[in-house]
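Quick note: the sequence shown, position 86, residue 90 per the numbering used here, numbers continuous.
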Amino acid sequence: MPDPRSTRLYAATVTPFTSDGHLDLDALAAHVDRLVGEGVDGIVVGGTTGESGALAPPERTALLRTAVDAAAGRAAVVAGVGEHDTTTGIALAHDAGRAGADGVLVATPAASRPSQAGLLAHVRALADAADAPVMLYDNPRRFGVGLDMPTLLRAAEHPNVWAVKDATENPHRAAEIIGLTDLAYYAGSDAAAMVLTAGGQGVVGVGANVEPALWRAYVDALVGGDLDVADGFADRLAPLDHALHHHVPPAVATKVVLRGLGLLPSARVRLPLVGPVPEEAAAIRRDLEVYDGFPDFHRGLVRLDHPDARGGALRLL
5 MPDPRSTRLY
15 AATVTPFTSD
25 GHLDLDALAA
35 HVDRLVGEGV
45 DGIVVGGTTG
55 ESGALAPPER
65 TALLRTAVDA
75 AAGRAAVVAG
85 VGEHDTTTGI
95 ALAHDAGRAG
105 ADGVLVATPA
115 ASRPSQAGLL
125 AHVRALADAA
135 DAPVMLYDNP
145 RRFGVGLDMP
155 TLLRAAEHPN
165 VWAVKDATEN
175 PHRAAEIIGL
185 TDLAYYAGSD
195 AAAMVLTAGG
205 QGVVGVGANV
215 EPALWRAYVD
225 ALVGGDLDVA
235 DGFADRLAPL
245 DHALHHHVPP
255 AVATKVVLRG
265 LGLLPSARVR
275 LPLVGPVPEE
285 AAAIRRDLEV
295 YDGFPDFHRG
305 LVRLDHPDAR
315 GGALRLL
């Protein structure tokens with residue numbers, strides 16, 4: 005069974021949908037197989053890049069089972085839970101364990117904006133309920149509330165809490181967490197990967213969806229202390245990072261790029277996300293035209309304005 009504690013490169017995977025908005029589990033299986041085959045050793049399903057807020061609990065379980073089967077023991081699979089109310093989070097954590105998750109990613113609740121005491125109680129309740137080790141997810145810009153350092157220190161005392169995905173992009177905070185806790189520290193954004201040279205365990209990133217082999221080489225260079233090589237990878241990946249993060253939400257940009265490259269059958273997202281408007285698609289294209297990894301972009305052969313990149317609501321009734 006894969007050990008999430010030894011994983012260096014997690015891909016925060018997108019959730020593929022069919023053109024009418026239903027789960028495309030075959031596309032997810034193919035995507036996970038490609039990621040693992042090209043060097044990713046960890047998969048996060050049902051996280052924010054996977055449009056977690058638009059997924060029903062049974063869909064999360066189906067995604068997780070598909071990812072576990074596709075990974076086939078070659079990579080750790082972590083399930084996103086916790087960004088809603090605590091009761092739902094507990095149920096999702098139970099379901100994740102039964103579905104074969106190697107770990108769970110516990111976010112701070114996005115809507116209720118609890119106090120620090122409430123956040124600590126939330127984390128502890130989910131850590132008690134989870135049958136798999138817990139990675140905390142701290143992203144106050146996305147969720148509206150974050151884990152203050154004293155709260156994080158107390159949460160780290162729980163025996164089932166093993167790691168933190170820190171998306172604050174604050175190097176001083178990274179140094180504090182690494183120095184004051186035994187938590188495995190994961191950079192929660194592609195741009196913060198250099199923390200691996202200062203005691204970080206790994207990266208939970210978006211760009212690995214698109215360029216898994218290059219990200220594997222980048223992470224290996226960072227871990228190995230080959231900073232000149234790592235700097236070269238960072239410079240090379242910078243236009244891709246900008247394309248995926250700076251024009252539309254990463255879930256949207258990643259899907260349209262994967263669809264444009266023929267690596268995803270559809271770029272469909274669910275409302276309230278929508279596909280890029282023409283100006284946004286043009287900005288993504290400009291970034292990718294200076295990225296040396298995709299020669300077809302230079303020849304104008306890749307479309308980013310697919311009609312299936314629209315957003316829609318799934319009609320269940």
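Every residue gets a Cβ at the ideal spot worked out from N, C-alpha and C, and that includes glycine. From a predicted model like this one, the values you see are computed outputs, not experimental measurements.
Discussion item. Taking only three categories from DSSP, how would you classify A167?
Written reply: Numbered from its first residue, the sequence shown carries residue 167 at position 163. Of the three classes helix, strand and coil, the one that applies to A167 here is strand, per DSSP.
Discussion item. Using the Cβ count rule (16 or more neighbours within 10 Å means buried), how would you classify L275?
Written reply: In the sequence shown, the residue the question calls residue 275 occupies position 271. Under this definition L275 is an exposed residue.
Worksheet item: Along the chain, where does the alpha helix (DSSP H) that runs through M153 open and close?
Response: Here the question's residue 153 lines up with position 149 in the sequence shown. Here the alpha helix (DSSP H) through M153 covers 153-159.
Fill in: H250 classed as buried or exposed, judged by whether at least 16 other C-beta atoms fall within 10 angstroms
Locating residue 250 in the sequence shown gives position 246, where the first residue counts as 1. Under this definition H250 is an exposed residue.
Worksheet item: Taking C-beta to C-beta, are V244 and A197 nearer than 8 Å?
Response: Residue mapping note: residue 244 aligns to position 240 of the sequence shown, counting from 1. Residue mapping note: residue 197 aligns to position 193 of the sequence shown, counting from 1. The question names Val, yet the displayed sequence has Leu at residue 244. It is not a contact, given that the beta carbons lie outside the stated cut-off.
Worksheet item: Just the Cα atoms here: how many angstroms apart are P6 and A79?
Response: Position 2 of the sequence shown, counted from the first residue, corresponds to residue 6. Position 75 of the sequence shown, counted from the first residue, corresponds to residue 79. Cα to Cα, P6 sits roughly 6 Å from A79.
Practice prompt. Answer yes if the segment 287-301 comes into contact with the segment 48-68, meaning at least three C-beta pairs across the two stretches below 8 Å, and no otherwise.
Written response: no
Item to complete: Kindly list the residues whose CB is nearer than 8 Å to the CB of A317, restricted to its own chain and excluding five residues on each side of it in sequence; keep chain order.
Response: Position 313 of the sequence shown, counting from 1, holds the residue named residue 317. Only G25, R274, L275 meet the Cβ criterion.
Discussion item. So, for T11: in the same chain, excluding its five sequence neighbours on each side, which residues have a beta-carbon less than 7 Å away from its beta-carbon?
Written reply: Working through the sequence shown from its first residue, we reach residue 11 at position 7. These residues qualify, in order along the chain: D45, G46, A80, G206.
Worksheet item: Does the beta-carbon distance from A33 to A76 come in below 8 Å?
Response: Taking the sequence shown and counting its residues from 1, the one referred to as residue 33 is at position 29. Taking the sequence shown and counting its residues from 1, the one referred to as residue 76 is at position 72. No, the pair does not count as a contact, with Cβ atoms beyond the cut-off.
Discussion item. Going by the DSSP bridge assignment, what does A80 pair with across the sheet?
Written reply: Against the sequence shown, residue 80 aligns to sequence position 76. Paired residue(s): G46.
Worksheet item: Excluding sequence positions up to five away, which residues of its chain have a Cβ less than 7 Å from the Cβ of A136?
Response: Locating residue 136 in the sequence shown gives position 132, where the first residue counts as 1. The answer, listed in chain order, is A100, G101, A105, D106, G107, V108.
Worksheet item: Closest to E87 by CA distance: which of L67, L68, T65, L123 is it?
Response: Here residue 87 refers to the residue found at position 83 when the sequence shown is read from its first residue. Here the closest residue by C-alpha is L123.
Item to complete: Figure out for me which residue from D194, L29, D312 has the closest Cα to the Cα of R263.
Response: Position 259 of the sequence shown, counting from 1, holds the residue named residue 263. Answer by Cα proximity: D312.
Discussion item. Give the list of continuous beta strand (DSSP E) stretches no shorter than 3 residues that lie fully inside the segment 8-67.
Written reply: 13-16, 46-49
Worksheet item: Comparing alpha-carbon positions, which option in A242, V127, L277, P61 lies nearest A3?
Response: Given that the chain is displayed from residue 5 to residue 321, the structure contains no residue 3 and the question cannot be resolved.
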